[in-house]
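A short write-up of the structure that comes next.
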Amino acid sequence: MIKKILTIFLFTFSIFAQQNSLDQNQFMLAESYEQKGDLTKAVEILETLNKKDPGNIQYFNKLNTLYLQLKKYDESIKIINSRILLTPQDISLYGMLGSTYYTSGDRTKAYQVWDDAIDKFKTNQMTLRIISNFVIDRRDFEKAIEYLNRGKESSQDPFLYSYDLGELYQITMRYREAASEYCDLIKANQSQYQQIENKILSYTNKPNALEETIETVEKHKSENISFEYLLARLYIEKKDYSNAFDLYKEIDKKQNTNGSDLYSFGNFVYRDGEYKTASEVFTFLIDNYNDQQNTPLAKLGYAKTQEALFIQHYNLLNPEWKPFSSLQKLDGNEINPVIEAYEEIVKTYTHSEVGIEANLRIGILFLHYQNNFAEAERYLKLITESYPTSKVASLAFIELGNIFLQKANLIEAEKHFNMQLSLRALMLKIKVLQIISLQEFFLSEMILNQPEKIFIGCYGQS
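Residue numbers (my numbering): 645 to 1106.
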């Protein structure tokens, strides 16, 4: 008896599998007609499949898509309503139905369908977000904003809607409202700060966006430190370095960061070419944080800004179009203070990376702005001979190669350029070995402390 039942079951399952395979082949045939552009034939096949298996979501979605492409809106409405009868709790079906009415030109009916769905599923806090996504797809941003604001007002978690609202306000160029929503998100969860800052900075180049955003963030400045960081970053974006500098001073006092935020700000404005402001920042750090870890870097930063200001002045007197013979020489009063600033660093931090880089900068100044090959070579050789593994050693080899080129000593020039290439290859090899050693260390730690995980990872878990 059991054998007979098993035979009947296997026979039935075989027939079902064959039928399912035939249906899948038909579906693939419909897709091939769609790709060829013969949508009518694709619809005929899918209508048959959907009639045979009305619960199949794959058939339903594809058929509805084709109806919309062919502008058969009545047929789309009909199959969506049929689907709603099968799964009446599926909120997305009401979104689709409203979307079809909207696409057909009947906005009134579309709004009615969406509003009815919101009322029907008002206890589900995701309803308004789901429906608003369909509204956004129709690019009816104002209606979507209306729905999301309604959700924000009624939800126990209003910030569930702030990100989408911020994006919609941004799209519709309502930057004050966008900034307000993003500030709400920061207040709700400060761990989102970096993501929100990036989002805001992505649109601040639009007309009036930066000014309106700054006005909004300034209102929140006193609420928590994140808004001060954001406001300082927006001041930088506006090139309002004076206000940014003042704000970073306030932040440093509150956060007790020992000047690290100010140092980062100084580096930022230096890279942005605002050497005068950068110089003021580094001077402030040197004067007020003399015993802190960033002091050597601040001194190097200050010397670099003086060098950059000197080069700016030099380039102003000697634009690129001028022939070499008419270049104006600058007297020692222009360049000596810069060299002295670097020499002070060398004297104080002789064997550190800061001191080694200062030697490099002195060598470059002697070479390119005083044509003093002997002094340039002396400072550069100090690096290549005493500190060959320094991060600036490769640049020292290149500049020494340039000196020998100008002396027409091609053999020595080639030798130094090749040494720079060898050094780069060596440093790369060291980095690879460090990574391998680190991996071996972590593996050995895991073997000692959690051997069962290694076993499972190698042989699988039973």
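Don't be surprised by glycine CBs; every beta carbon is placed ideally from N, CA and C.
Work out the CA separation of residue j and residue i for me, nearest whole Å.
i: Glu1021; j: Met817; result: 58 Å
i: Glu1001; j: Tyr892; result: 27 Å
i: Gln1050; j: Lys1059; result: 14 Å
i: Glu867; j: Ser846; result: 24 Å
i: Phe1041; j: Gln950; result: 24 Å
i: Asn938; j: Glu924; result: 15 Å
i: Tyr879; j: Val757; result: 46 Å
i: Leu714; j: Ile728; result: 22 Å
i: Val990; j: Asn959; result: 27 Å
i: Thr1033; j: Leu1067; result: 8 Å
i: Gln679; j: Lys863; result: 55 Å
i: Lys948; j: Asp916; result: 13 Å
i: Ala823; j: Tyr807; result: 10 Å
i: Ala754; j: Phe778; result: 11 Å
i: Gln702; j: Tyr745; result: 22 Å
Kindly list the residues whose CB is nearer than 6 Å to the CB of residue i, restricted to its own chain and excluding five residues on each side of it in sequence; keep chain order.
i: Ile780; result: Ala788
i: Ser748; result: Tyr717
i: Asp905; result: Tyr892, Ile895 and Asp896
i: Ile1006; result: Ile983, Tyr986 and Tyr1023
i: Leu1044; result: Leu1024 and His1060
i: Asn911; result: none
Between which two residues does the alpha helix (DSSP H) carrying residue i extend?
i: His957; result: Thr939 to Leu961
i: Gly999; result: Glu997 to Tyr1013
i: Gln769; result: Where Gln769 is concerned, there is no enclosing alpha helix (DSSP H), given that its DSSP letter is neither H nor E.
i: Glu719; result: Tyr717 to Leu730
i: Asn694; result: Leu683 to Lys696
i: Lys865; result: Premise fails: Lys865 is in no alpha helix (DSSP H) and is neither H nor E.
i: Gly795; result: Phe785 to Ser798
i: Thr744; result: Ile735 to Ser748
Looking only at its own chain, which residues have a Cβ that is under 7 Å from the Cβ of residue i, when we skip the five neighbours before and after it?
i: Ala952; result: Tyr919
i: Tyr993; result: Pro940 and Gly999
i: Arg794; result: Leu772
i: Tyr826; result: Gly810, Ile840, Lys843 and Ile844
i: Ile1047; result: Leu1011, Phe1017, Ala1020 and Glu1021
i: Tyr907; result: Leu929, Asn938, Leu941 and Ala942
According to DSSP, is residue i helix, strand or coil?
i: Tyr755; result: helix
i: Ser904; result: helix
i: Phe1048; result: helix
i: Gln836; result: helix
i: Tyr847; result: coil
i: Leu929; result: helix
i: Lys1025; result: helix
i: Met817; result: coil
i: Phe708; result: Looking at the sequence shown, residue 708 is not Phe but Asn. Correct three-state label for Asn708: helix.
i: Leu714; result: coil
i: Ser886; result: helix
i: Gly917; result: coil
i: Arg782; result: coil
i: Gly910; result: helix
i: Tyr873; result: helix
i: Thr1033; result: coil
i: Asn852; result: coil
i: Gly810; result: helix
i: Asn1053; result: coil
i: Asp763; result: helix
i: Thr994; result: coil
i: Asn842; result: helix
i: Arg879; result: Here the sequence assigns Tyr to residue 879, which means Arg is not the residue at that position. DSSP places Tyr879 in helix when its eight states are reduced to three.
i: Asn1016; result: coil
i: Tyr805; result: coil
i: Asn1062; result: helix
i: Asn700; result: coil
i: Asn777; result: helix
i: Asn977; result: helix
i: Asn669; result: helix
Closer than 8 Å by C-beta to residue i: which residues in its own chain qualify, once you throw out the five before and the five after it? Chain order, please.
i: Gln836; result: Leu829 and Ile830
i: Asn700; result: Leu693 and Asn694
i: Tyr677; result: Leu683, Lys685, Ala686 and Ile689
i: Glu675; result: Ala686 and Lys706
i: Leu673; result: Ile689
i: Tyr805; result: Leu772, Arg773, Leu792, Asn793, Gly795, Lys796 and Ser799
i: Lys865; result: Phe871, Glu872 and Leu875
i: Ile979; result: Phe954, Leu1009, Tyr1013 and Gln1014
Please tell me whether, using a cut-off of 7 Å, the distance from the CB of residue i to the nearest non-hydrogen atom of the ligand SAH is below it.
i: Thr747; result: Judged by which ligands are present, the structure shown has none, so any question about the ligand SAH falls away.
*Would you check if the stretch 765-781 and the stretch 734-741 touch, i.e. whether three or more CB-CB distances between them fall below 8 Å?*
Yes, they touch.
*asked:* Below 8 Å, how does it come out for the stretch 719-726 and the stretch 757-772: are there three or more Cβ pairs, yes or no?
replied: Counting Cβ pairs under 8 Å, fewer than three are found: no touch.
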